[in-house]
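J.:
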Amino acid sequence: MQISTYRLPEDVPVHFCMNKTAVVIDVLRATTTIVTALRNGARSVVPVAEVEEAVELSRNFAPEDRVLAGERMALQIDGFDLSNSPLEFTGERVGGKTVFLTTTNGTRAIQGTQAAETLIGALVNASATGQYAARRERDLVLICAGTLGHFSLEDTLAAGAIIHAIKEIDPSAETDDFSLASLLLYQHCDTEKKMHHLLDQTEHYRRLKDLGLIGDLEHCMKQDSMPLLAGYEDGSVSIIHE
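Going by the working numbering, the residue at position 46 of the sequence shown is 46; the numbering climbs one at a time, nothing skipped.
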């Protein structure tokens with residue numbers, strides 16, 4: 001297995017993901033929120049790039065069967081049911097419903113990925129995602145969503161956690177330099193306390209902290225707290241049942 005990691009979606013060469021497994025990572029907060037929604041009983045999550053697209057697609061569902069959720073610049077979109085805070089995606093709010101989610105970074109990255117198989121990765125399901133990828137024995141591309149076109153350290157940290165899980169099963173898995181850097185970063189910060197200490201120096205983490213979203217940050221950093229597999233296919237994300 002060859003593992004390639006990209007710091008931003010736009011860095012991935014055209015058609016590079018063909019015949020490979022891709023993992024899209026947006027720890028703060030889109031992919032964490034998607035995994036949380038599925039864990040709490042959402043039927044599926046439809047990630048879209050634009051607000052208008054989310055609204056239009058949701059009209060195909062009865063009001064009691066849908067949830068409109070999303071953010072721009074970390075703030076809830078006017079008229080939407082939920083923001084992008086994973087803590088809002090409780091069983092009571094999303095259980096049995098289809099969630100239409102649009103975010104500044106993560107959902108765009110998911111929607112733009114073209115791969116044989118696309119997984120949704122975060123710290124909360126890092127080991128499960130890595131173990132599954134290792135068993136697939138297909139070349140892997142880890143795609144960090146970043147923040148507004150800029151590198152985000154938390155996504156690289158999660159990529160490293162996923163690579164660590166792969167290496168435990170397949171030590172022979174080969175890594176490019178950025179994958180190796182991601183793995184070394186994770187090995188240096190492999191506890192929740194160390195992760196928070198490191199990320200408290202980063203721009204996006206501090207923005208969410210300044211907005212009072214401490215609970216979100218704590219939730220997003222709980223590695224392997226939701227060990228489920230989430231796959232994107234035909235425009236929506238659902239749980240992969242092996």
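Glycine residues also receive a C-beta, built at the ideal position from the N, C-alpha and C atoms.
Ignoring anything shorter than 3 residues or poking outside the region 65-89, list the beta strand (DSSP E) runs there in chain order.
T.: Qualifying beta strand (DSSP E) stretches, in chain order: 66-72.
J.: Please confirm whether K97 has its beta-carbon closer than 8 Å to some beta-carbon of chain B.
T.: Absence of chain B from the displayed structure is noted, only one protein chain being present.
J.: Start and end of the beta strand (DSSP E) containing V48?
T.: For this step, residue 48 is matched to residue 48 along the sequence shown. Element bounds for V48: S44 to V48.
J.: At which residues does the beta strand (DSSP E) containing L228 begin and terminate?
T.: Residue numbering aside, residue 228 sits at position 228 when the sequence shown is read from its first letter. Segment: none, L228 is in no beta strand (DSSP E) and carries neither H nor E.
J.: Are three or more beta carbon pairs between the region 167-179 and the region 3-16 nearer than 8 Å?
T.: Yes, since at least three Cβ pairs between the region 167-179 and the region 3-16 fall closer than 8 Å, the two stretches touch.
J.: Skipping 5 residues on each side, what residues in its chain have a beta carbon closer than 6 Å to that of Q187?
T.: The residue you call residue 187 lines up with position 187 of the sequence shown. Nothing listed; no residue qualifies.
J.: Nearest by alpha-carbon distance to L123: which of K222, N19 and L213 is it?
T.: Counting from 1 along the sequence shown, the entry for residue 123 is found at position 123. Answer by Cα proximity: K222.
J.: Taking the CB atoms as reference points, tell me whether I34 and A230 lie closer together than 8 Å.
T.: Locating residue 34 in the sequence shown gives position 34, where the first residue counts as 1. Locating residue 230 in the sequence shown gives position 230, where the first residue counts as 1. Going by C-beta atoms, I34 is nearer than 8 Å to A230.
J.: My understanding is that G146 touches N105, with C-beta atoms under 8 Å, so please give their C-beta distance in whole angstroms.
T.: Indexing the sequence shown from 1 puts residue 146 at position 146. Indexing the sequence shown from 1 puts residue 105 at position 105. Confirmed, Cβ separation roughly 6 Å.
J.: How would you write the range of the alpha helix (DSSP H) that F100 sits in, first residue to last?
T.: Sequence index remark: in the sequence shown, residue 100 carries index 100 (1-based). That residue, F100, is in no alpha helix (DSSP H); its beta strand (DSSP E) goes T98 to T102.
J.: What residue from A37, D224, H15 and E203 has the CA that sits closest to M73's CA?
T.: Locating residue 73 in the sequence shown gives position 73, counting from the first residue. It is E203 whose Cα lies nearest to the Cα of M73.
J.: Pull up the distance between the alpha-carbon of T21 and that of R206, whole angstroms please.
T.: In the sequence shown, the residue the question calls residue 21 occupies position 21. In the sequence shown, the residue the question calls residue 206 occupies position 206. Their Cα atoms are separated by approximately 32 Å.
J.: Which same chain residues, not among the five before or five after D65, have their C-beta less than 6 Å away from its C-beta?
T.: Reading the sequence shown from its first residue, position 65 is the one you call residue 65. The residues are K97.
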